[in-house]
Every structure is written in structure tokens, then in C-alpha cells.
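K.L.:
Numbering (the working numbering), first residue to last: 381 to 692.
Following this message is one structure expressed as C-alpha cells.
In C-alpha cells, the structure reads:
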């Protein structure tokens, strides 16, 4: 994709040259309502976009991102939920352009993992007060992703949760939908090989995270989206009651956990087998099956973050 500038030089180019393009997913009601405010707030902060795009049809998102990148902006500002931002990640990865995140979704896991403000004015302010950082990129099979690959109950939840419930309850819609699916869900056996060690577990739900948040709640305090490692963890076990309790606790408290408290598997690359073979939900897209190799590419993606973000 060509040579990348130094991050300090890239940051200065964004702050002074202010060459940006804007892509907002307006398929959702929130995106449609906020799009005029996004453009107005950017202008109020001194940014006059080269081009701005309101994407009504999600099928046009990837083509629109390509059109925006053809303008060679220093910063590609993308507004939407985690699915929209994951699509943008695939386009920006390994390129000399930074991704500017506008968290307009339900859970905003990617923005939370980056420590970004979740309000629109705060997120936009980062574009001229923050800095360019390079963070880890996840790769599942041949598909790049930002946040999470998941297996089990969550795959059914992603296809079942109702849009009106997400609008009404926000991130709580996901665990509540899971509670309706769990009674008929069968546990599966998973085998994870990482750093030469093979781990076996029986569970209803397995996640492999690049970022630190899932469902809008923090997985563990010491997970980072910039440490060159993936973290695999199960929710509950093969027992429905245990998963039910953990789901309720997470939904009501969003409790913090530490990697030291386990059960976690950590590594730069993981080979996952399941019995039976299972579909993988990779940042909201269900297109891959186990067995699958999942790895992290350190410093594979440039993003605009707050000035106090620890860029390793």
C-alpha cells in the first residue's frame, strides 16, 4: 500500500492540512438523524470535508469507502456502529490514512477499546486535539477485524436481536435476547491451540477478542487493543445455569475482570477447532466456519485517538 509517514508527521498533517473525508451510515435512524449534526460540528471545529457521504444502503458502504479513499485524505472519518467501523477497518488497514471514529452505534465496542469519547462533539474534538496511533488488527481466516470473533449463543443472538429492542434498551438488548435462546442451546467442545499449548473446554459461548470491550462492557482491565495479543475466553461453561448467572451479572453490573482471574487463553495466534463445527461471528459478519486460525497483526491500523492514549 506504499510507505507510511511517521505518526507525528501524520498527526501534524491532520491538525494543519485538515484533509478529511466523511462517511456516515445513515441506514439507522440515529445515523440519519445525526448526519447533519456531524457535518455542522466538523465545520465548527475547523474541518471542511473534501467530500461527505451519507450511506443509506449498507450494500453501498464498501464502494463508498473506496470512493472516499480515492480522494487521498489524511483522515477518513466514519460514523456508525461496530459493523460499519469494522468495514472501514478493512479498507484503512496498512494504508497511509488514519481512521477517525464517530461512535453512532448501540454498543460502540471499538470506540470504547480506543478510550474515545462517546458523545459526538467529544469524538470530533479528538481530530484536532488527539494524535495518530497504530493499533493491532485482528485476522480471522482471511478476514480482517477490529473487535471480536465469537462462537456459540452470540451467533444466534446477532441474527435474532430485534432492531426496535436495540433502540429501546441499547446494549442490554443483547444479553436479554441471549436469555431467550439459551434454554434450547446445546453446549459445544472447543479446542484452542496457542503458543504450542492445546486447551479444551465445554461451553455455550466462546469469544476471541482483539479489543477490550464486548457488548459495551469491559472484558478485563488488562486487555489492550495495542499489545500484540488476542484473548480467548468463555462465558459460563457447559452448564446453562452458570452462563445464565454470568449473563445476568454482566448485563446488570458490567463487572470488571482481570486476566489473572481467568479462565483466559492469550496468544498472538490461535487455532480453533470445535465439535461440532460452528459458524464464526466476526465483528457482526457470519461467513466463516471452524476450524479457523485467528491472529493479530501488531500496528496494522492507524486511528485518531486522544492524546493520552498509550501507543505501544
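The beta-carbon is built from N, C-alpha and C at its ideal position, and this holds for glycine as well.
Relative to the C-alpha of residue 494, which residue among 397, 530, 590 is closest?
P.N.:
Residue 494 has its Cα closest to that of 590, out of 397, 530, 590.
K.L.:
Suppose the cutoff is 8 Å on Cβ atoms and the five residues either side in sequence are ignored; what does the same chain contact list for residue 636 look like?
P.N.:
Here the model assigns residue 636 a pLDDT of 46, short of 50, so the residue's position is not dependable, and the following value carries that caveat. Once the five neighbours on either side are set aside, the close Cβ partners of residue 636 are 598, 600, 601.
K.L.:
Determine the direct distance from the alpha carbon of residue 420 to that of residue 525, and round the result to whole angstroms.
P.N.:
Spanning the two alpha carbons is a distance of roughly 30 Å.
K.L.:
Do the CB positions of residue 717 and residue 510 come within less than 8 Å of each other?
P.N.:
Because the chain spans 381 through 692 in this model, residue 717 falls outside it and cannot be assessed.
K.L.:
Suppose you measure from the CA of residue 466 to the CA of residue 383; what does that come to, to the nearest Å?
P.N.:
Cα-Cα distance, rounded: 23 Å.
K.L.:
Would you decide whether residue 386 is buried or exposed? Buried here means 16 or more other CB atoms lie within 10 Å of its CB.
P.N.:
With fewer than 16 other Cβ atoms within 10 Å, it is exposed.
K.L.:
Determine the extent of the beta strand (DSSP E) in which residue 515 is found, giving its start and end residues.
P.N.:
First-last of the beta strand (DSSP E) with residue 515: 511 to 520.
K.L.:
Quick check on the DSSP output: the alpha helix (DSSP H) that includes residue 489 runs from which residue to which?
P.N.:
That run of the alpha helix (DSSP H) goes 489 to 493.
K.L.:
Going by other Cβ atoms of all chains shown within 10 Å of its Cβ, with 16 needed for buried, is residue 492 buried or exposed?
P.N.:
That one is buried.
K.L.:
Got a sec? Which residues, its chain only, sit under 6 Å from residue 464 by beta carbon, not counting five neighbours each side?
P.N.:
If we look at residue 464 and ignore the five residues flanking it on each side, its Cβ neighbours are 405.
K.L.:
According to DSSP, which residues form a beta bridge with residue 497?
P.N.:
Answer by DSSP bridge pairing: none, since residue 497 is not bridged.
K.L.:
Would you call residue 650 buried or exposed, if buried means 16 or more other Cβ atoms sit within 10 Å of its Cβ?
P.N.:
Looking at its Cβ environment, which holds 16 or more other Cβ atoms inside 10 Å, residue 650 is buried.
K.L.:
The beta strand (DSSP E) spanning residue 655 covers which residue range?
P.N.:
Element bounds for residue 655: 649 to 655.
K.L.:
Using CA coordinates, which residue listed in 582, 503, 437 is at the minimum distance from residue 408?
P.N.:
It is 437 whose Cα lies nearest to the Cα of residue 408.
K.L.:
Closest to residue 532 by C-alpha separation, out of 576, 653, 413, would be which residue?
P.N.:
For the residues 576, 653, 413, the minimum Cα distance to residue 532 belongs to 653.
K.L.:
Distance check for residue 445 and residue 667, CA to CA, integer angstroms please.
P.N.:
Approximately 21 Å, taken between the alpha carbons.
K.L.:
For the beta strand (DSSP E) containing residue 483, list its first residue and its last residue.
P.N.:
Here the beta strand (DSSP E) through residue 483 covers 478 to 483.
K.L.:
Considering only the beta carbon of each residue, do residue 572 and residue 645 sit closer than 8 Å?
P.N.:
A contact, by the Cβ cut-off of 8 Å.
K.L.:
Since I believe residue 433 is in contact with residue 443 (beta carbons under 8 Å), could you give me their beta-carbon distance rounded to a whole number of angstroms?
P.N.:
So it is not a contact: roughly 10 Å between Cβ atoms.
K.L.:
Can you check whether the CB of residue 513 is closer than 8 Å to the CB of residue 689?
P.N.:
Result yes, Cβ atoms of residue 689 and residue 513 sit closer than 8 Å.
K.L.:
In chain order, what residues of the same chain lie with their CB nearer than 6 Å to the CB of residue 682, ignoring the 5 residues before and after it?
P.N.:
Same-chain partners within the cutoff: 478, 512, 514.
K.L.:
Give the DSSP-derived three-state secondary structure of residue 571 in the structure shown.
P.N.:
Three-state result, residue 571: strand.
K.L.:
Near residue 657, which residues of its chain fall below 7 Å by C-beta distance, leaving aside the five closest residues on each side in sequence?
P.N.:
Result list for residue 657: 669, 670, in chain order.
K.L.:
Can you round the beta-carbon distance between residue 674 and residue 520 to whole angstroms, since I take them to be within the 8 Å contact cut?
P.N.:
Going by Cβ atoms, the distance from residue 674 to residue 520 rounds to 5 Å, so yes, they are a contact pair.
K.L.:
Measure the beta-carbon distance from residue 611 to residue 529 and round it to whole angstroms, keeping in mind my assumption that it falls under 8 Å.
P.N.:
With 8 Å as the limit, residue 611 and residue 529 do not qualify as a contact, their Cβ atoms being about 11 Å apart.
K.L.:
If I measure Cβ to Cβ from residue 453 and keep anything under 7 Å in the same chain, skipping five residues before and after, which residues do I get?
P.N.:
Excluding positions up to five away in sequence, the list reads 399, 400, 401, 430, 477.
K.L.:
Any idea if residue 503 is buried or exposed, counting beta-carbon neighbours within 10 angstroms, 16 or more meaning buried?
P.N.:
It counts as buried.
K.L.:
Would the beta-carbon of residue 417 fall within 8 Å of that of residue 500?
P.N.:
A contact, by the Cβ cut-off of 8 Å.
K.L.:
Reducing DSSP to helix, strand and coil, say where residue 689 ends up.
P.N.:
Correct three-state label for residue 689: coil.
K.L.:
Quick check on this structure: which residue in 536, 569, 605 has the alpha carbon closest to the alpha carbon of residue 582?
P.N.:
Closest by alpha carbon: 569.
K.L.:
Please report the Cβ distance between residue 527 and residue 489, rounded to the nearest whole angstrom; I am assuming they are in contact, meaning their Cβ atoms lie under 8 Å.
P.N.:
Confirmed, about 5 Å.
K.L.:
Looking only at C-alpha atoms, which of 680, 507, 518, 685 sits nearest to residue 672?
P.N.:
When only C-alpha atoms are compared, the closest one is 518.
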